[in-house]
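Chains as they are written, first to last, in the working numbering: chain A, 1165 to 1576; chain B, 1165 to 1576.
C-beta: ideal position from N, C-alpha, C; glycine also.
All remarks here apply to the structure that follows.
If you want it as structure tokens, here you go:
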């Protein structure tokens, strides 16, 4: 259906936003393999290169839950995400800066992306005041009062020291009326401009991505994509999706966004997702994905295979001497029977959480490599169709059930 | 004070108990470095050699909690212990046998020791009937009824396939009246003889140790040491200590036992212990130690240093850029600041349990190596005195407090 182009169609370097900078921004290069959608690229950062499409494991509190940096590396991770909201509250951005920054703090020498904290303020924090200046909130940990502004988020993320950083934005809820959606988007745009100015103060090698908002209004999404895409951001994150809307709505929105985006800038779909969403999102022109789902479902027994998510706690694995998935090259599948992983999961042994998480992280990154190869070989559409035909996603019922369990676990 | 003897004073090989065996038992050799106490030895098993004195990390459910086999190996572990009681109930000894035995099941190719299950029947199970035949109990997991006899324990441990196995014994409680102590000891002796006969049925390379009992009666302890020491067991475990008695009582009992033991057989002090108990026990002629304490206290924030156990959750480590202990060569100390370990412990991140456990396991095994070197160099007494003068043990109050916490955690 789509043929790969042999050579890069375009290459773009991150623009210098500051005369103070001694070294260039991360150099970003994306290759479009057809005029609309399929892309494979390379993102160079001070901590190494990232081949896209890529999945970024989430290390909320400066650790990808239960997995060590060496294990992430072995699983093929080339970039991870950490959450500014959690880290600014505990242990604090200044403390991390004093210890040499996030990379040194968590012993991960590859690229890191930090979000702006905005999403968690709205979802986890107790909101106190949202105005043009910024957002004030109470910590979900101890009720202490904090404020985020486009300016101080640049300072906090500079202290954390990630390679790619995001500006403060407003993530509208789903559903959202058009007026609120527009106001949130316009404020996000004004905050984006303030962030671009504010970051000039920090002499770092960090790359600031812009964030596209616009809730679930096609026109707003197009408008936000054009506006943010034209600002001097070397990359773009798509925010405000995967917040509870049906998946069809998410994909529809994305199809309004991508045609408006400059093709040479990396595109990051925030908070997505599952294996099937990863494959679908790549087909719709996205380069970077992050989600806690692969490690979170692993901890609850859900492990990815080519046929869908299995529940390793199921009695069917009790005596299974083969690995979780035949042919999988992850540490877990190379060294342990499904029966042993089942035993550890049933007995709630801590080693289980690690073995399960490693398997799912490796699954996502293996998938990333397969998609890249398919894109370059011009066979991605067939790959996608075969994958989606084989892979049985968790049903909405199971998903809802899991959401409740996680919510209950968090409330404890 | 004590001079090392340059050459081995004695060497003993495990006796062949069975004409059916195609390969010899584990070859056991112990060198006494003085006539009464200090010993350094080598224990050869089908899965490798163990230099003594040695600490054996405890992998209750076929996993040393939160630590992988590769990490155990890197920390210097040469033998681990697994619990027959837990494994026979879940996932079941036959299932493990069907999957190739414990080594293959848990991906640990070094030596393993399994206990007999007796201790847990008395401490965890709901006892139903204890008579000459054996012991019937209800599982603490699901109330199902099980029986252990000297004979079927040999079968179960044969199925598990550890390198060193223990026979069913009766561990008297503390305190215990002399009559009950004597009855328990005498029955343990009769069971030992039955175990020696029963194991003939299994054509394995397993080495069966005998167990010395006798509660807290000096004469019984001497009697049991002589009786058990004279049976054709290639090694001896000292049972029934560290069950709640004051430490002085434990050491006193040990001093009644050791002179009666054949010097050429390895001596295993069951369920001991802390760093200070390890050092003291070696000085009293013990070769092998096992205890869940190092990994258990690690999970609660207690990490070993040369000056005693610290609480990594303490605010004093919040910004500590150095490792948990300067000079420690464990994975954790080589790669992470105390501040990061503190952060993980405070946020209850799963990686913490691993990093803390690795540190404490490495601490015990580094200590084992130091003691062996000191014994061979003839400097152990000075080493011990310096160590004990520096190392501040957890106070009885802290210990009691922790016991309550663990009990409460288990009840949840």
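> In the stretch 1250–1262 of chain B, which residues sit with their C-beta less than 7 Å from some C-beta in chain A, listed in chain order?
Replying inline: 1254, 1255, 1259 and 1262
> Is it true that the CB of residue 1356 of chain B sits closer than 8 Å to the CB of residue 1395 of chain B?
Replying inline: yes
> Which term fits residue 1358 of chain A, buried or exposed, when burial requires 16 or more other beta carbons within 10 angstroms of its beta carbon?
Replying inline: buried
> Is the stretch 1261–1272 of chain B touching the stretch 1288–1303 of chain B in the sense that three or more CB pairs, one from each, lie closer than 8 Å?
Replying inline: no
>> On the DSSP letters alone, give me the boundaries of the alpha helix (DSSP H) that residue 1352 of chain A sits inside.
In response: 1342–1362
> Helix, strand or coil: which one does DSSP assign to residue 1399 of chain B?
Replying inline: coil
> According to DSSP, which residues form a beta bridge with residue 1213 of chain B?
Replying inline: B:1208
>> Extract the residue ranges of the beta strand (DSSP E) inside the stretch 1252–1338 of chain B, only unbroken runs of 3 or more that lie entirely within it.
In response: 1276–1278, 1290–1294, 1299–1302 and 1309–1312
>> What does the Cβ neighbour count give for residue 1312 of chain A, buried or exposed, with the cut at 16 atoms within 10 Å?
In response: buried
> I think residue 1420 of chain B touches residue 1386 of chain B, with their Cβ atoms under 8 Å apart; what is that distance to the nearest whole Å?
Replying inline: 5 Å
> Who are the near neighbours of residue 1137 of chain B in its chain, counting only those whose CB is closer than 8 Å to its CB and skipping five residues on each side?
Replying inline: Outside the displayed range of chain B (1165 to 1576) lies residue 1137 of chain B, so it cannot be described from this structure.
>> Could you tell me the alpha carbon to alpha carbon distance between residue 1425 of chain A and residue 1389 of chain A, rounded to whole angstroms?
In response: 6 Å
>> I want to see whether chain B comes within less than 8 Å of residue 1227 of chain A, judged by CB atoms only; does it?
In response: yes
>> Can you tell me whether residue 1412 of chain B is buried or exposed? The criterion is at least 16 other CB atoms within 10 Å of its CB, across all chains shown.
In response: exposed
>> Against residue 1511 of chain A, what residues of chain B qualify as contacts under a CB-to-CB distance less than 7 Å, listed in chain order?
In response: 1225 and 1254
>> Tell me the DSSP secondary structure of residue 1436 of chain A in three-state form.
In response: coil
>> Let me check understanding here. Comparing Cα to Cα, which of A:1292, A:1417, A:1399 and A:1366 lies closest to residue 1384 of chain A?
In response: A:1417
> Quick one: what's got a C-beta closer than 6 Å to residue 1325 of chain A's C-beta in the same chain, skipping five residues either side?
Replying inline: 1265 and 1266
>> If I follow the unbroken beta strand (DSSP E) through residue 1455 of chain A, where does it start and stop?
In response: 1452–1455
> Of all the CB atoms in chain B, is at least one closer than 8 Å to the CB of residue 1557 of chain A?
Replying inline: no
>> Which residues does DSSP list as the beta-bridge partners of residue 1219 of chain B?
In response: B:1453
> Can you name, in chain order, every residue of its own chain whose Cβ lies under 7 Å from the Cβ of residue 1515 of chain A, other than the five neighbours on each side?
Replying inline: 1508
> Between the C-alpha atoms of residue 1458 of chain A and residue 1434 of chain B, what's the straight-line distance to the nearest angstrom?
Replying inline: 42 Å
> What is the DSSP secondary structure of residue 1407 of chain A, counted as helix, strand or coil?
Replying inline: coil
> Between which two residues does the beta strand (DSSP E) containing residue 1472 of chain A stretch?
Replying inline: 1472–1475
> What residues of chain B sit near residue 1232 of chain A, judged by a beta carbon separation below 7 Å?
Replying inline: 1515
>> Please report the straight-line C-alpha distance between residue 1367 of chain B and residue 1549 of chain B, rounded to a whole angstrom.
In response: 46 Å
> For residue 1500 of chain B and chain A, any beta-carbon pair shorter than 8 Å?
Replying inline: yes
> Which residues does DSSP pair with residue 1246 of chain B in a beta bridge?
Replying inline: B:1278
>> If you follow the alpha helix (DSSP H) that residue 1466 of chain A is in, where does it begin and where does it stop?
In response: Element bounds for residue 1466 of chain A: not the alpha helix (DSSP H) but the beta strand (DSSP E), 1466–1469.
> How do the stretch 1206–1219 of chain A and the stretch 1241–1255 of chain A stand: do at least 3 beta-carbon pairs fall below 8 Å, yes or no?
Replying inline: yes
>> Quick check on residue 1220 of chain A - is its C-beta less than 8 Å from some C-beta in chain B?
In response: no
> Which residues in the same chain have their Cβ closer than 6 Å to the Cβ of residue 1317 of chain B, if we skip the five residues on either side of it in sequence?
Replying inline: 1280 and 1332
> Using the C-alpha atoms, what's the distance from residue 1274 of chain B back to residue 1303 of chain A?
Replying inline: 48 Å
>> Give me, in chain order, the residues of the same chain whose beta-carbon lies closer than 7 Å to that of residue 1556 of chain B; leave out the 5 immediate sequence neighbours on both sides.
In response: 1471 and 1472
> Does the stretch 1224–1243 of chain B come within contact of the stretch 1515–1533 of chain B, defined as at least 3 CB pairs closer than 8 Å?
Replying inline: yes
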